[in-house]
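Here is the structure we will look at, set down as structure tokens.
4 protein chains.
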Amino acid sequence: MGIAERKEREKLQRRRDILEAARNVFSEKGFQPATMDEIAEKVELSKPTIYLYFDSKEDLYTSIALEDSYKVVERLKESLASDVGLVEKWRSVFLAFVEHCMENPEYVSISQHILAPESRQRVSDHILEEFDNHTHELVGYVTQLVEESIEKGLARDDLPPRTITLIAWRMTVGLLELYLSGRATEFGVDDYHEFLENAFDVLINGLLQRGS
Amino acid sequence: MGIAERKEREKLQRRRDILEAARNVFSEKGFQPATMDEIAEKVELSKPTIYLYFDSKEDLYTSIALEDSYKVVERLKESLASDVGLVEKWRSVFLAFVEHCMENPEYVSISQHILAPESRQRVSDHILEEFDNHTHELVGYVTQLVEESIEKGLARDDLPPRTITLIAWRMTVGLLELYLSGRATEFGVDDYHEFLENAFDVLINGLLQRGS
Amino acid sequence: MGIAERKEREKLQRRRDILEAARNVFSEKGFQPATMDEIAEKVELSKPTIYLYFDSKEDLYTSIALEDSYKVVERLKESLASDVGLVEKWRSVFLAFVEHCMENPEYVSISQHILAPESRQRVSDHILEEFDNHTHELVGYVTQLVEESIEKGLARDDLPPRTITLIAWRMTVGLLELYLSGRATEFGVDDYHEFLENAFDVLINGLLQRGS
Amino acid sequence: MGIAERKEREKLQRRRDILEAARNVFSEKGFQPATMDEIAEKVELSKPTIYLYFDSKEDLYTSIALEDSYKVVERLKESLASDVGLVEKWRSVFLAFVEHCMENPEYVSISQHILAPESRQRVSDHILEEFDNHTHELVGYVTQLVEESIEKGLARDDLPPRTITLIAWRMTVGLLELYLSGRATEFGVDDYHEFLENAFDVLINGLLQRGS
DNA sequence: AATGAATGAGTATTCATTCAT
DNA sequence: CATGAATGAATACTCATTCAT
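Chains as they are written, first to last, in the working numbering: chain P, 3 to 214; chain G, 3 to 214; chain Y, 3 to 214; chain L, 3 to 214.
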């Protein structure tokens, strides 16, 4: 009876193993320079086996971000559910996103990749759809927080909530890329966490009602 | 003697022609997918001729950003030299950078590419050096503006000037990438210029002394 | 008792099912382009199961023609047994063969395949042997008819009976291939059956005693 | 001056070398089983070089038959131009075609390949067009001969000239394939030329006016 | 008897780069 | 200075075939 279940578990595990190896290789080299051979060697499976679990290199690549996107959404929900003040919630959301990206550095670049229209053509529809859903879910949650902040007179009300979300999102990604490039120190940033704290301070300061 | 000069001029022009063609091709396809064949065809020169002017595909790619970086620095200097109020100067600097990037979309992606340590290994030293010089020059100019703003009590003095510069730079790049991905509209941004104005407003608001 | 028989019957049926599916796929794509995956999917059996019944793709392919060759021989025997005049018997034999090939288009191409020495190396001996037996049986039957026709002064006696058989066989196959290529109409043949009747007329005319 | 010419000659020669090697390999193995690697090794050129002269494996394959088709048409024209009786002209045309095919065994199989609609999709248009032109030219010449034969009361007038051409063409190809399969001897044909003479006799006998 | 899972060995095609001229 | 011609090294993806169960 347990046999089918064990098989199922093993299959899922194998899938995760492949994703894990792919994550490493893609992180190190980027999409194009990475090769299926290298990934196969890293998982200690043959190339055809990989194709048993993923339809194409592009699908494998984007599946990584897909896995990640589950985690971000989860993490964000937690931050939003915490019982703290609004500003504290903002900080928590910011940190949740930022830490997730720092722990899963490929997430940012793959997401960027998925943004580009040329890439989208080559990715399986079901992956694209699921990824977009997560992204919009994420944007939606933050926008709710923005709306609440405006209602309570905390955030500036001269901009549409969605615009505020977008600005915050893009600014945060811009900040992250400095870290992900691996050359933060070169630009004088020794304590990246402190840098982020400061940046968040600038961001929240810019978003708050003047006078509040 | 005029002959030598003409030859020299022609040579430089040829170099610019190649860069121009490369810029188009790389812009459209990105680094890896673009081929030297395509670039050669576009300049109407043979492939070996291109190698007469540039040592490798990577060098050609980065040389484009190098050419751009001259222009940005120039543009920035102009903005900084203008005789207007400090906040106006900030806006002018922001817009100069932003507009340059929108007009030369490859600049952002190539700069990003040059940031990555793996890429740096494959680029000729002299290009790298020159590019880094320009970047630091650029950062330096902005930092001067920041320092002046702090001195005059305009900008917040709780952060080191360089940190402020970095935050502003990275946030701006993050905003730009939304445009460069070509999917801004999809995220509800119809008037990208308005979006940038709003974003600048948030940014400057965040950087100003509270109470000023 | 009954159980073993039923099992045996089921086994044979399964074999036939596989052959049937293979026939479809090979007919549509030819030998190399067809894949075992596609055949397996069509029979709704797993690939290893197919290998339980056939040793290799090549064996499966040739087994189809083998199955067909039973049918042709059967059909030919019937035609030969019919109680009609000699010329009518010739026509009947011709039509039997031609119709069989048109209904089982793979028969001609696979037979051709089996003829080629390189292919023969890769096919199991027992299949080869059986196929050759059938072919020679077939040739033998026709040769008997030829001999009878010569004896009765109908067919030309200036050629060995076997030569006449071979000429008739190869000419007929040549005619058939026009149909099997699917481009008969393109060559102005709208009514293929009429074309064959005419061709038979030419053939029999060429084989008859001058003056008869 | 002569330099450009010599280069041109060398280029053409290289093209011919490649075709020659391809001819060997394809003859031996057939289209699919043959590999570009093997062809490259045989010409002692690198694979990419082959792609400099031919766009794809399929194009290379069909170009062989294209080259051949020039020769057949040439040979046929000669036969038709010869100043002999009509029956002798028929024999000459038959032998010209048959000998060409025996000397260039790949011609028949590739032509067969080009006939199939699926293959046609993958071949470059210009090759297809040229090949079809040659084929129709060839059919046209023979049809003229048939018409002349009918007019002079030699050939049977109960069939359209084009039908007669098609029947003769297909029957001849059928006969040839026995030789090309390499197993003629096995079927008791020791002297293939004699066999062909006999076959031609049957064919012409079938096509002549009864009573003539 | 049947199969899910795995793989060795291909396979056509591409592309940055380099000589010989 | 410029290039036609050539190639080494990849590279994603495929498929007949085989185990372990």
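Don't be surprised by glycine CBs; every beta carbon is placed ideally from N, CA and C.
Assign residue i to one of two classes, buried (16 or more other C-beta atoms within 10 Å of its C-beta) or exposed (fewer than that).
i, result
"L177(G)", "buried"
"P163(G)", "buried"
"N106(G)", "buried"
"L180(Y)", "buried"
"R158(Y)", "buried"
"V175(P)", "buried"
"E81(Y)", "It should be pointed out that residue 81(Y) corresponds to Ser in this sequence rather than to Glu. Counting Cβ neighbours within 10 Å, S81(Y) comes out buried, since at least 16 surround it."
"V86(L)", "exposed"
"Y72(P)", "exposed"
"H228(L)", "Nothing can be reported for residue 228(L), as the shown portion of chain L is limited to 3 through 214."
"H115(G)", "buried"
"D70(G)", "buried"
"T165(Y)", "buried"
"L62(G)", "buried"
"R11(G)", "exposed"
"K154(Y)", "exposed"
"L14(L)", "exposed"
"R8(L)", "exposed"
"E131(G)", "exposed"
"H195(P)", "exposed"
"E108(G)", "buried"
Check the Cβ-Cβ distances between residue i and every residue of chain L, and say whether any is below 8 Å.
i, result
"Q118(Y)", "Contrary to the premise, residue 118(Y) reads as Ala rather than Gln in this sequence. So yes, A118(Y) belongs to the interface."
"S214(Y)", "Here S214(Y) scores only 48 on pLDDT, less than 50, and its place in the model is too uncertain to base an answer on."
"L14(Y)", "no"
"Q123(Y)", "no"
Quick check on residue i - is its C-beta less than 8 Å from some C-beta in chain P?
i, result
"Q34(G)", "yes"
"M173(G)", "yes"
Within 8 Å of any Cβ in chain G, is that where the Cβ of residue i sits?
i, result
"G87(P)", "no"
"L161(P)", "yes"
List the residues of chain Y that residue i touches, going by C-beta distances under 7 Å, in chain order.
i, result
"R164(L)", "G190"
Give me the chain P residues within the contact set of residue i, using Cβ-Cβ distance strictly less than 8 Å, ordered along the chain.
i, result
"E179(G)", "Q114, R172, V175 and G176"
Mind listing the chain L neighbours of residue i? Cutoff is C-beta to C-beta under 7 Å, in chain order.
i, result
"I41(Y)", "By Cβ distance, chain L contributes nothing, its closest Cβ being about 17 Å from I41(Y), past 7 Å."
In whole angstroms, what is the alpha-carbon distance linking residue i and residue j?
i, j, result
"T64(Y)", "S113(L)", "24 Å"
"G4(G)", "I52(G)", "26 Å"
"D203(P)", "L140(G)", "24 Å"
"F28(L)", "A67(L)", "11 Å"
"R124(L)", "V75(P)", "47 Å"
"D192(Y)", "E101(L)", "31 Å"
"N207(P)", "Q211(G)", "10 Å"
"R148(P)", "A201(G)", "Checking the displayed sequence, the identity of residue 148(P) turns out to be Val instead of Arg. For V148(P) and A201(G), the distance between alpha carbons rounds to 15 Å."
"D57(G)", "E120(P)", "29 Å"
"H128(G)", "E188(P)", "18 Å"
"N26(P)", "F133(P)", "20 Å"
"G190(Y)", "R122(L)", "19 Å"
"L47(G)", "D19(G)", "10 Å"
"H138(P)", "S126(P)", "19 Å"
"T167(Y)", "M104(L)", "22 Å"
List the residues of chain G that residue i touches, going by C-beta distances under 9 Å, in chain order.
i, result
"K31(P)", "E120"
Name the chain L residues whose beta carbon is nearer than 8 Å to that of residue i?
i, result
"L168(Y)", "L180, F189, G190, V191 and F197"
Original post:
Along the stretch 184–210 of chain L, what residues have a CB closer than 7 Å to any CB found in chain Y?
Top reply: From the stretch 184–210 of chain L, only G184, R185, F189, G190, V191, F197, N200, A201, V204, L205, N207, G208 and L209 have a Cβ closer than 7 Å to chain Y.
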